[in-house]
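To keep things clear, I will list the structure first and then write my remarks on it.
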């Protein structure tokens, strides 16, 4: 055998192993077990595949609030430690946050908005049905009323009401969960204002106010907001015009893309409900004693 080939064989084997190594999404064993549970469902398997192609790190939160939290610039999603005792409840929390992150990534939005939470609630409920969720699964997760109530709304009532509840929650102030979130409609209105404001100082002010709103939600640092403001204000006026046009076109495309994702998400959920009505009926029996607020 060629001596050079003999010398190269160990390196080739190492390279092959490195190339096949699966991307790790967490260093927490309990979160890994929950992801294994997600992978047993068709939609969950597809979600994990997407997350490994677009990696984000899942960790436990060390701050108050029974909710997921996104640190998008750091590429991290934080989960409540209260769910640690139940692999399945933790899996449902991961699935919802992961799906929201998928929508954020596919659309190109700059922040998480309430419509993403709506679709996240539907996705979480479908995975719960696919995972044969039972009432006793909540016992080792402190009851997890926020997940249980959302699921009961989905199976005992309908998807429209489940989306409405998710939207109300997303728009209700809760500093621990970085709420309220913005809506797509509000962002469209704001974008139109930037288009109309190019001929006066209000264009700079609109950008500045948007960034500071994100600072309050933890989506941006104060230093980043001030830097963004100084960069735009330092531009020659002809560059500002060009920046405004490019910015407007880019954001319009993003909003259109997300609008399509939102419509597709609602249609996909309706089709899934229609195809899995027997499973939903079984869940209605299992959770018939839900005490929803």
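Numbering (my numbering), first residue to last: 223 to 515. Backbone N, C-alpha and C define an ideal beta-carbon position, used for all residues, glycine too.
Count the C-beta pairs between the region 247-260 and the region 305-315 that are closer than 8 Å, then say yes if the count reaches three, no if not. yes
What residue does the alpha helix (DSSP H) around residue 280 start on, and which one ends it? Unbroken run through residue 280 is the beta strand (DSSP E), 279-282; no alpha helix (DSSP H).
CB-CB length for residue 282 against residue 303, believed under 8 Å: 5 Å
Distance check for residue 385 and residue 314, CA to CA, integer angstroms please. 17 Å
Inspect the beta-carbon positions of residue 506 and residue 349 and report whether they are closer than 8 Å. no
Report back the beta-carbon spacing between residue 269 and residue 260 to the nearest angstrom; my notes put them in contact at under 8 Å. 7 Å
Do residue 405 and residue 476 have their C-beta atoms within less than 8 Å of each other? no
Cutoff 8 Å; reference residue 416; Cβ partners in own chain excluding five residues on either side: 425, 428, 429, 466, 469, 470
Heavy atom of the ligand NAD within 7 Å of residue 295 beta-carbon: Only the bare structure without any ligand can be found here, which leaves the ligand NAD out of the picture.
According to DSSP, simplified to helix, strand and coil, what is residue 301? strand
Do you know whose CA, among 451, 412, 352, lies nearest residue 262's CA? 352
Using CA coordinates, which residue listed in 322, 511, 361, 252 is at the minimum distance from residue 291? 322
Tell whether a beta-carbon distance below 8 Å holds between residue 392 and residue 403. yes
Residues near residue 338 in its chain [Cβ-Cβ closer than 7 Å; skip 5 each side]: 322, 325, 326
Opposing strand residues paired with residue 274 [DSSP bridges]: BP columns for residue 274 are empty, so no partner.
Exposed or buried, which one is residue 460 when buried takes at least 16 other CB atoms within 10 Å? exposed
What residue range is occupied by the uninterrupted beta strand (DSSP E) comprising residue 291? 291-293
Closest by C-alpha distance to residue 435, when choosing among 276, 333, 320: 333
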